[in-house]
Amino acid sequence: MTSIRAKSVLAGAMAVALSFGTMSMAKADEFINVLTGGTSGVYYPLGAALANVYGEKIDGARTQVQSTKASVENLNLLQAGRGEIGFALGDSVKLAWEGNEEVGFKKPLDKLRGIAAIYPNYIQIVASKESGIKSLADLKGKSVSVGAPKSGTELNARKIFEAAGMSYEDLGKVEYLPFAESVELMKNRQLDATLQSAGLGVASLKDLSSSMEVTIVSVPADVAEKLGAPYVAGNIPAGTYEGQADDVPTVAIVNFLVSHSGVSDETAYQMTKQLFENLPTLEAAHNAAKAIKLENAIKGMPLPLHPGAERYYKEKGIM
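Using mature numbering (1 follows the signal peptide of the UniProt record, and there is no 0), the letters of the sequence shown map in sequence onto residues -28 to -1, 1 to 291.
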């Protein structure tokens, strides 16, 4: 009887130990879903590189890259806990925190937490040479794609036209299409121009400029002044796209990496740390990452920092 009881106790102890071990392993197995944008934009290649970094550098991390409609969708997914980190434009982040139903936020997204300010997006308006479009005013009566519906790009388009004293009603036809689809329509002569809010050298516009003659349309500095923060005056350097002989003035807006309050402090700390300690990997994925600087990481942050990110910045002496 004693032997049977001893075996029973031993079996029970082993079961508890096995159960504890399983729970410990499950706890260590951290899932990180990186929310990006369309595959022809800048968010996707940078997100893929970031996911690889996290998978290699964060103990027990399993990563996934999700292609989305970008800013607005990413922020709503984060609020719902359906992602751990996502890319978003500064104005979208601000409106998400405040709650703006017109843009796509039915109520304030109070679970969002900031990770880092990263690189600026540049408003890049590209028209076919044969359309004759040379200025913002020339877009009147023309067919223009303004980005996917309620995307960060489309929000930017509305704001820019408003600051320039225009609206969608002034355009001949408005298409709400992602970058790659806009470019295909332009190649097929079914669209006069596309407005894309992205890092410099975005793949879609490189493809377009190498396929047909285009004009990069300037956005005057006074439009940036009317818009105010988080918009600033920017510049598309000559040679960014094929056939672009001169610098082109435009408007820029900072992108942010955003998480949410349900992500543990340790995971948020590691996501922030590995971002800044592996910038060459991101730069290899896309040139836009060359603009990511630690000293700018908390500038203009439109929502509270995640405590894990805050811990990293305090360690680095920028808070």
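For each residue, glycine too, the CB sits at the ideal point set by N, CA and C. Keep in mind that this is a model prediction, so the values were computed, not measured.
### Task
Kindly indicate which three-state DSSP category Gln162 falls into: helix, strand or coil?
Taking the first residue of the sequence shown as position 1, residue 162 is located at position 190. It is coil, neither helix nor strand.
### Query
In the stretch 116 to 185, which residue ranges form an unbroken alpha helix (DSSP H) of at least 4 residues, counting only runs that do not cross its ends?
124 to 135, 151 to 159 and 175 to 183
### DSSP state of Asn259 mapped onto helix, strand, coil
Residue 259 sits at position 287 when you count from the first residue of the sequence shown. Helix, per DSSP.
#### Entry: Helix, strand or coil at Val195 [DSSP, three-state]
Taking the sequence shown and counting its residues from 1, one reaches residue 195 at position 223. Three-state result, Val195: helix.
### Task
Compute the beta-carbon to beta-carbon distance between Gly119 and Ser169, rounded to the nearest angstrom, for a pair I have assumed lies under 8 Å.
As a working mapping, residue 119 is identified with position 147 in the sequence shown. As a working mapping, residue 169 is identified with position 197 in the sequence shown. So it is a contact: roughly 7 Å between Cβ atoms.
### Message
I'd like the span of the beta strand (DSSP E) that includes Thr244, first residue to last.
### Response
Taking the sequence shown and counting its residues from 1, the one referred to as residue 244 is at position 272. It is not in any beta strand (DSSP E) - Thr244 instead sits in the alpha helix (DSSP H) that spans Asp237 to Glu249.
### Query
Mind checking Ser154: buried by the 16 CB within 10 Å criterion, or exposed?
If you number the sequence shown from 1, residue 154 lands on position 182. So Ser154 ends up on the buried side.
### Query
Is it buried or exposed for Tyr284, if we count other Cβ within 10 angstroms and need 16 for buried?
Your numbering for residue 284 matches position 312 in the sequence shown. Around the beta-carbon of Tyr284, 16 or more other beta-carbon atoms lie within 10 Å, marking it buried.
### Query
Does DSSP put Tyr203 in a helix, a strand or coil?
Counting from 1 along the sequence shown, the entry for residue 203 is found at position 231. Tyr203 sits in a strand when the DSSP states are folded into three classes.
#### Entry: Same chain, Cβ closer than 6 Å to Gly234, neighbours up to 5 away in sequence not counted
Start at 1 with the first residue of the sequence shown, and residue 234 comes out as number 262. These residues qualify, in order along the chain: Gly53.
### Query
Assuming Val14 and Ala23 make a contact with CB atoms under 8 Å, what is their CB distance in whole Å?
Working through the sequence shown from its first residue, we reach residue 14 at position 42. Working through the sequence shown from its first residue, we reach residue 23 at position 51. Not really, about 15 Å apart at Cβ, beyond 8 Å.
### Query
Just curious, the beta strand (DSSP E) that Glu2 is in, first and last residue?
Mapped onto the sequence shown, residue 2 falls at position 30. Glu2 to Leu7 is the extent of the beta strand (DSSP E) around Glu2.
### Status (buried if at least 16 other CB within 10 Å, exposed otherwise) for Gly10
By 1-based counting over the sequence shown, the position of residue 10 is 38. By the Cβ-count criterion, Gly10 is buried, with 16 or more other Cβ atoms from all chains shown falling within 10 Å of its own Cβ.
### Terminal residues of the alpha helix (DSSP H) in which Ala42 lies
Mapped onto the sequence shown, residue 42 falls at position 70. Premise fails: Ala42 is in no alpha helix (DSSP H) and is neither H nor E.
### Message
Let me confirm a value: Phe3 is counted as buried when at least 16 other C-beta atoms fall within 10 Å, else exposed. Which label applies?
### Response
What you label residue 3 is simply residue 31 of the sequence shown in a count that begins at 1. Exposed is the call here.
### Query
CB Ser103 to CB Lys114, shorter than 8 Å?
The sequence position of residue 103 within the sequence shown is 131, counting from 1. The sequence position of residue 114 within the sequence shown is 142, counting from 1. The answer is yes: Cβ separation under 8 Å.
### Task
Provide the residue span of the beta strand (DSSP E) that contains Leu61, from first to last.
Within the sequence shown, numbered from 1, the residue matching residue 61 stands at position 89. Ile57 to Leu61 is the span of the beta strand (DSSP E), which, as asked, contains Leu61.
### Message
Could you check whether the stretch 204 to 219 touches the stretch 237 to 257, counting it as contact only if at least three pairs of C-beta atoms, one from each stretch, sit closer than 8 Å?
### Response
no
### Own chain, CB closer than 6 Å to Lys29, minus 5 neighbours either side, in chain order
Here residue 29 refers to the residue found at position 57 of the sequence shown. Same-chain partners within the cutoff: Gln246.
#### Entry: Any 3 or more C-beta pairs closer than 8 Å across the stretch 54 to 65 and the stretch 219 to 233
yes
### Task
Measure the C-alpha to C-alpha separation of Lys79 and Lys198 and round it to an integer number of angstroms.
On the sequence shown, position 107 is the one that residue 79 refers to. On the sequence shown, position 226 is the one that residue 198 refers to. Distance between the alpha carbons of Lys79 and Lys198: 27 Å.
### Task
Return the first residue and the last residue of the alpha helix (DSSP H) that Ala21 is part of.
Sequence index remark: in the sequence shown, residue 21 carries index 49 (1-based). Segment Tyr15 to Lys29, the alpha helix (DSSP H) holding Ala21.
### Sub-8 Å separation of Pro192 and Pro221 beta-carbons
Position 220 of the sequence shown, counted from the first residue, corresponds to residue 192. Position 249 of the sequence shown, counted from the first residue, corresponds to residue 221. Closer than 8 Å, so yes.
### Query
When you compare only the Cα positions, how much space is there between Ile87 and Ala240?
Numbered from its first residue, the sequence shown carries residue 87 at position 115. Numbered from its first residue, the sequence shown carries residue 240 at position 268. Rounded to the nearest angstrom, the two C-alpha atoms are 7 Å apart.
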